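Input: a single structure, listed below in structure tokens.
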């Protein structure tokens, strides 16, 4: 959250989708969050690949062989992050056999955490202000 409250560089990245190319902002926070999450997931589950919005592009031909993988958006809502309106999240999901089985959504600006799994349902943790 340190970057959120300071000046930071904003780059533009190209997102190539089926028939169009989009230009999206990317900040130091996007990149830094990506690195932290990648390192953590590799330490926890070294044999499970990670597909991250800020990571390298991985061809479908390679991905289609994955029985399970982590799907990560290290900073969903970069435009809102830039506006500093607090409406951005960190999203992480474990996908097995093409279906999500575990997920985490964290809104750091308001310290709100949702997580859930097929086995245990969905949970919410809010910040407690004294």
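In this note's numbering, the protein residues as written are -1 to 128. Think of the CB as a built atom: it goes at the ideal place given N, C-alpha and C, for glycine as much as any other residue. Predicted model, so just to flag it, every value in this text is computed and none were measured.
Q) In terms of residue numbering, what span does the alpha helix (DSSP H) encompassing residue 31 cover? A) 26 to 42 is the extent of the alpha helix (DSSP H) around residue 31.
Q) Are there 16 or more other CB atoms within 10 angstroms of the CB of residue 121, so buried, or fewer, so exposed? A) exposed
**Q.** Cross-strand partners of residue 53 (DSSP beta bridge)
**A.** Note: residue 53 sits in no beta bridge, so no partner.
Q. How would you call residue 28, buried or exposed, if buried means at least 16 neighbouring beta carbons within 10 angstroms?
A. buried
Q. Do residue 116 and residue 99 have their CB atoms nearer than 8 Å?
A. With respect to the 8 Å criterion, residue 116 and residue 99 are classified as neighbours on the basis of their beta carbons.
Q.
Need the endpoints of the beta strand (DSSP E) that residue 67 sits in, please.
A. 66 to 74
Q. Residue 42: buried (16+ other C-beta within 10 angstroms of its C-beta) or exposed?
A. exposed
Q. So, residue 70 versus residue 48, is the Cβ gap smaller than 8 Å?
A. yes
Q | Three-state class that DSSP yields for residue 88 in the structure shown | A | In the structure shown, residue 88 sits in a strand (DSSP, three-state: E or B).
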